[in-house]
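In the numbering used here, the protein residues as written are 8 to 220.
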Amino acid sequence: MRLALSLSAVTLVGGLVVPVLTLAGTARADVHPADQAQETLTVTKRDATGDVHLDRSGRRAPHRVTGSVDLSAARYRIDRTEETLTVTYPVRRILARGSDYTQFFASIATVDKAQDDAVASAVFITSLRHPGRVEVDGTDADGDAFTDRCAAASVTVSRAQDTLTQQVPFSCFEGAFDHAYLRSAAFVETRRGADLAWDATRYTRDLPLSPAG
């Protein structure tokens with residue numbers, strides 16, 4: 008995925024695309040009252056298995072590699088008391104350290120899932136399998152682009168369960184929004200950066216990403 012997260016005409020391959028990120032904070036009252044009333048929410052967005060998308064280079068790569076990013080679901084846990092978003096990516100296989108291939112795990116949070124509003128706030132939450140870290144790219148409430156290595160966030164990898172989990176404090180979103188639609192994807196590329204394959208879920212409903220109360 009030659010991480011195409013430049014902050015102009017942003018394209019996160021795997022179908023996660025956002026228009027030019029000169030974004031201002033946008034308030035839309037789309038969150039369902041039942042969700043807004045909850046202090047914690049758990050949402051699972053299931054994805055069909057076997058629907059991995061191959062890039063040109065991926066057609067020559069081993070299936071165990073391209074198929075490794077087959078997402079079965081994306082699981083989101085929003086804790087509005089602790090003010091954290093936790094995203095879990097269950098894939099077919101977490102590749103071992105020292106592999107000749109690199110896996111990426113990324114989610115987009117946006118107030119405009121139709122992507123027809125050029126000033127709709129959005130951020131990308133990205134982790135590399137090697138090494139594990141979280142990076143957040145987007146715009147703050149003033150419309151200024153930012154990249155946050157998000158030191159307060161954490162990444163947990165389980166090769167036994169073939170999952171990667173990101174826990175991200177709301178503060179890493181730099182005030183871009185207080186609610187958003189979420190969508191996640193997994194990617195694999197060669198060490199030299201040749202894109203091989205990706206898989207992505209559909210969007211969730213609009214969810215609160217703000218402190219309770």
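Cβ atoms here follow ideal geometry from the backbone N, Cα and C, with glycine treated the same way.
On a predicted model such as this, the values are computed, not experimentally measured, just so you know.
For Ala219, which of helix, strand or coil comes out of DSSP? coil
The alpha helix (DSSP H) with Arg71 in it runs from where to where? His70 to Thr73
Sub-8 Å separation of Val72 and Tyr96 beta-carbons: no
How about the region 74-94 and the region 147-158: do they share at least three Cβ pairs that are nearer than 8 Å? no
Could you tell me the alpha carbon to alpha carbon distance between Ala204 and Val130, rounded to whole angstroms? 22 Å
Return the bridge partner residues of Lys52 from the DSSP annotation. Ala81
Per DSSP, cross-strand counterpart(s) of Thr95: Arg82 and Thr172
So who's on the other strand from Glu142, going by DSSP bridges? Thr133
Would you decide whether Ala116 is buried or exposed? Buried here means 16 or more other CB atoms lie within 10 Å of its CB. buried
Start-to-end residues for the alpha helix (DSSP H) that takes in Gln43: Its alpha helix (DSSP H) spans residues Pro40 to Gln43.
Beta-carbon within less than 8 Å of Thr208's beta-carbon, same chain only, minus the 5 sequence neighbours each way: which residues are those? Lys52, Arg53, Asp54, Leu78, Ala80, Ala81, Arg190, Ser191 and Ala192
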